[in-house]
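Those letters in the sequence shown? Residues 2 to 213, per the working numbering, in order. Backbone N, C-alpha and C fix where the C-beta goes; we use that ideal spot for every residue, glycine too. Worksheet for the structure shown next.
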Amino acid sequence: GDLYWVRESADGGLLVAVLDCTGHGVPGAFMTMTVNAVLNHIVDTHCADDPCRILQETNRLLQETLRLRQDGDSIVDAGLDIGLCRIDAVRRRCSFAGAGISLYQSCGGQVFEIRGDRQRIGYSGSDPTFVYQVHQGEPADETALFMTTDGFLDEGGGPKGYGFGTARFREMLVDGSGRPLKEQQRAFGQQLDDWRGSRKQRDDITVFGFRL
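Given below as structure tokens:
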């Protein structure tokens, strides 16, 4: 059910998203295909420069697409978590809105988490009129930005089988601060393997990192 999505808009901006959709196997594949189509439709016909509006439209259209509401009753309950960034490379600006997924900024040995809203996308209980908060910034050259699905954070390991956790994830980003992203990718994979040990992987895992 994990998906990363990248689209260049007509005005030269770049949209980058990380998504965690309901389901595994065939149901998960169906959801990722549906969400991919909905996002592309919104960017092509409605909005390409406002992460808040894109999330709001995705929530509304996904409910309509899956026919979640019919005579007030839910007949299918499916949805997703998402973190969405719009990048303006010319002005070196990044706008972020999230639903259940955070944006982490790593720079100079410090990590700052911008939390996504708790209102998820597409579920029968989601409010189609909810307005998602947009966070804007101009990251420094050395700042690395990361989004992750909960597969990494919840992966069991260690002596008691606990989840990797947000605190350990932040420490991992601090350790990698300033290093090339390819090196950080290898280090993240090794740390997760060491944490998991002989246990089987629980869930899909997606981590997306980039610099402006």
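What's the gap between the Cα of Arg-169 and the Cα of Ser-107?
14 Å
Expressed to the nearest angstrom, what Euclidean distance is found between the alpha-carbon atoms of Ala-18 and Val-7?
6 Å
Run through DSSP, which three-state label would Thr-95 get?
What sits at residue 95 in the sequence shown is Cys, not Thr. In the three-state reduction of the DSSP assignment, Cys-95 falls in the strand class.
In the structure shown, what three-state DSSP assignment does Leu-67 receive?
coil
Going by DSSP, what residue range makes up the beta strand (DSSP E) through Arg-8?
3-9
So, is Leu-85 buried or exposed, given that buried needs 16 or more other C-beta atoms within 10 angstroms?
Buried.
May I ask you to report which of helix, strand or coil DSSP gives Glu-143?
coil
Three CB pairs or more closer than 8 Å across the stretch 138-157 and the stretch 48-59:
no
The stretch 149-164 / the stretch 193-210 touching (three or more Cβ pairs under 8 Å):
yes
Tell me the rounded alpha-carbon separation between Asn-37 and Cys-48.
15 Å
Flag this pair as touching only if the stretch 166-185 and the stretch 122-131 have three or more C-beta atom pairs under 8 Å; answer yes or no.
Contact between the stretch 166-185 and the stretch 122-131 is absent, because fewer than three Cβ pairs lie under 8 Å.
Cutoff 8 Å; reference Val-112; Cβ partners in own chain excluding five residues on either side:
Tyr-105, Gln-106, Arg-171, Leu-174, Val-175, Ser-178
Roughly how many angstroms separate the alpha carbons of Asp-78 and Val-208, rounded to a whole number?
26 Å
Cβ shell of Arg-212 (< 6 Å), same chain only, five flanking positions each side left out:
Ala-145
N- and C-terminal bounds of the beta strand (DSSP E) containing Asp-89:
81-89
Smallest Cα separation from Gly-29: which of Ile-83, Leu-4, His-42?
Leu-4
Is it buried or exposed for Thr-59, if we count other Cβ within 10 angstroms and need 16 for buried?
buried
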